[in-house]
Amino acid sequence: NATLTRFFAFHFLLPLSLLHLLIIHLLFLHQTGSNNPLGTIKNIDKIPFHPYFTYKDILGILIILFLLTFLNTLFTLFSRRP
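Under my numbering, think of the first position of the sequence shown as 5, with each following residue one higher.
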């Protein structure tokens, strides 16, 4: 019973703590920028985050979902038994 409790705690707390670390990392990254560790203010060669990277991420997710759906359909059709 103790092993099951530890196993549950490990599999519940580890992803939760990783999610918190990811959120903190993204907040700091969004605040300072990835190429600006010193916090200096320069507007040279800046690309705004929202229109460019948001659409790029959405397009990447849609391509991956399309490929996974295609592979799922393809292998489901071939694995059917007559």
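For each residue, glycine too, the CB sits at the ideal point set by N, CA and C.
- In this model, residue 67 and residue 6 are separated by some 44 Å (Cα to Cα).
- Annotated three-state conformation of residue 84 is coil, per DSSP.
- Sequence-distant partners of residue 74 (beyond 5 residues in either direction) whose C-beta falls short of 8 Å from its own C-beta are missing from its chain.
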